[in-house]
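Oh and the sequence shown: position 233 is 314 in the working numbering, straight run, nothing missing.
For each residue, glycine too, the CB sits at the ideal point set by N, CA and C.
So the structure is just underneath, and the comments pick up after that.
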Amino acid sequence: MAGSPSTLPSALRAAVEETLSSRAKRSVEILGAEPVTGGCIHQTARVWTNLPEDFFLKWAQGPLSDVFAAEADGLNALRGSTRDSADLTVPEVVGYSDAEAKPAWLLLEYIPRGSPGRDYAERLGEALAVLHETGQGRYGWPRSNYIGSLPQANTPMNDWAAFWWSERLEPQLVMASGNGWLAGLEREWATLELELPGLLGAAEEDGPSVLHGDLWSGNVYPGPDGGPVLVDPAVYRGHGEVDLAMTELFGGFPRGFYSAYEGRRPLRDGYEDVRRHVYQLYPLLVHVNLFGGGYVNGAAAALRCALASR
82 MAGSPSTLPS
92 ALRAAVEETL
102 SSRAKRSVEI
112 LGAEPVTGGC
122 IHQTARVWTN
132 LPEDFFLKWA
142 QGPLSDVFAA
152 EADGLNALRG
162 STRDSADLTV
172 PEVVGYSDAE
182 AKPAWLLLEY
192 IPRGSPGRDY
202 AERLGEALAV
212 LHETGQGRYG
222 WPRSNYIGSL
232 PQANTPMNDW
242 AAFWWSERLE
252 PQLVMASGNG
262 WLAGLEREWA
272 TLELELPGLL
282 GAAEEDGPSV
292 LHGDLWSGNV
302 YPGPDGGPVL
312 VDPAVYRGHG
322 EVDLAMTELF
332 GGFPRGFYSA
342 YEGRRPLRDG
352 YEDVRRHVYQ
362 LYPLLVHVNL
372 FGGGYVNGAA
382 AALRCALASR
């Protein structure tokens with residue numbers, strides 16, 4: 082193997098070794114580390130030690146020091162909700178730093194990337210439908226977390242349309258408007274706020290589901306057995322259609338994924354023409370705020386499609 086422990090900051094290496102030693106009840110030493118490509122926000126590495134298994138390490142400096150505590154919470158929630166599914170893998174959280182640590186870090190089970198099996202898409206679709214059957218309680222989540230590097234509020238609510246506006250669309254609209262990205266669309270956004278209860282009304286009947294929350298093709302990959310591995314969640318309880326709508330952005334998923342999902346969890350009328358556009362507004366606005374004006378036209382088009390269905 083290539084790489085050395087010196088790839089890691091010394092304080093980080095010491096903290097991870099201490100966590101692993103406590104977990105293994107023996108002295109654990111990091112023997113090497115090599116960078117892992119693909120992360121666009123944090124530094125990442127595959128780490129090997131004098132234990133038989135390897136680990137995946139993420140770390141970062143800066144103000145978002147609780148981002149890994151939030152991610153660990155989300156991964157643990159997904160693992161708990163998919164425990165009975167043989168078709169879906171979620172990495173185990175080994176340890177993470179608290180908000181005061183510098184750098185902040187998250188240590189996970191290392192699951193190497195494999196080749197997708199012949200039924201990869203179908204297994205993912207079926208497993209996501211099973212995940213969406215695990216909901217209970219109110220819309221939202223006990224703690225706030227992040228969507229990419231942006232804060233995501235999750236104040237629990239009983240009203241789905243109210244949650245979608247106040248906890249999802251409105252914060253992103255305020256941010257985007259403050260940066261001058263949405264000029265000329267004020268009337269349409271005001272109309273959407275008024276119409277939202279009617280547009281999302283049919284979805285209320287299903288109640289809340291546990292969601293991945295950031296489900297695009299970059300946050301799922303084939304593991305060693307060819308089955309899907311879910312990573313980088315932004316977990317909360319919402320309507321399952323939200324995850325599905327996001328999969329249709331940024332490249333989409335194979336047709337077999339959607340067929341398998343709908344075979345287990347049929348979609349209610351109005352998803353394709355109405356609610357899909359309403360739900361896609363959130364990730365599109367997030368992309369406006371993260372990456373700039375290149376996503377404004379997409380958000381405006383989704384807004385007009387949602388309102389055209391009234």
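_Suppose you measure from the CA of residue 284 to the CA of residue 214; what does that come to, to the nearest Å?_
The sequence position of residue 284 within the sequence shown is 203, counting from 1. The sequence position of residue 214 within the sequence shown is 133, counting from 1. Approximately 14 Å between the Cα atoms of the pair.
*Identify every residue that forms a DSSP beta bridge with residue 134.*
Here residue 134 refers to the residue found at position 53 when the sequence shown is read from its first residue. Note: residue 134 sits in no beta bridge, so no partner.
*Determine the contact status of residue 367 and residue 387, defining contact as a CB-CB distance below 8 Å.*
Along the sequence shown, one-based indexing puts residue 367 at 286. Along the sequence shown, one-based indexing puts residue 387 at 306. No, the pair does not count as a contact, with Cβ atoms beyond the cut-off.
*asked:* The beta strand (DSSP E) that contains residue 175, what's its start and end?
replied: Here residue 175 is taken as the residue at index 94 of the sequence shown, counted from 1. Unbroken beta strand (DSSP E) run through residue 175: 174-177.
*asked:* Restricting to Cα atoms, I'd like to know which of 88, 241, 168 and 315 is closest to residue 359.
replied: Here the question's residue 359 lines up with position 278 in the sequence shown. Minimum Cα distance to residue 359 is reached at 241.
*Name the two residues that bound the continuous alpha helix (DSSP H) containing residue 339.*
Taking the first residue of the sequence shown as position 1, residue 339 is located at position 258. Counting along the chain, the alpha helix (DSSP H) containing residue 339 begins and ends at 336-345.
*Is there contact between the stretch 239-253 and the stretch 153-161, where contact requires at least three CB pairs shorter than 8 Å?*
no
*asked:* What does DSSP give as the partner residue(s) for residue 291 in the beta ladder?
replied: The residue you call residue 291 lines up with position 210 of the sequence shown. Answer is 318, bridged to residue 291.
*Kindly indicate the opening and closing residues of the alpha helix (DSSP H) around residue 364.*
By one-based count along the sequence shown, residue 364 stands at place 283. 357-372 is the span of the alpha helix (DSSP H), which, as asked, contains residue 364.
*asked:* Please state the DSSP three-state secondary structure of residue 116.
replied: By one-based count along the sequence shown, residue 116 stands at place 35. In the structure shown, residue 116 sits in a strand (DSSP, three-state: E or B).
*Count the other CB atoms within 10 Å of the CB of residue 203; is the residue buried (16 or more) or exposed (fewer)?*
In the sequence shown, residue 203 corresponds to position 122, counting from 1. Buried, since its Cβ has 16 or more Cβ neighbours within 10 Å.
*Which residues in the same chain as residue 93 place their Cβ atom closer than 7 Å to its Cβ, once the five residues preceding and following it in sequence are excluded?*
Here residue 93 refers to the residue found at position 12 of the sequence shown. For residue 93, where only same-chain residues beyond five positions count, the Cβ hits under 7 Å are 140, 184 and 186.
*Could you spell out the range, first to last residue, of the beta strand (DSSP E) harbouring residue 239?*
As a working note, residue 239 is residue 158 in the sequence shown. No beta strand (DSSP E) holds residue 239; DSSP gives it neither H nor E.
*Bridge partners - residue 302, DSSP secondary structure assignment*: The residue labelled residue 302 in the question sits at position 221 within the sequence shown. Beta-bridge pairing links residue 302 to 310.
*Option nearest residue 224 by Cα separation, candidates 328, 317, 390 and 135*: Start at 1 with the first residue of the sequence shown, and residue 224 comes out as number 143. Looking at the Cα atoms, 317 is the closest of the given residues.
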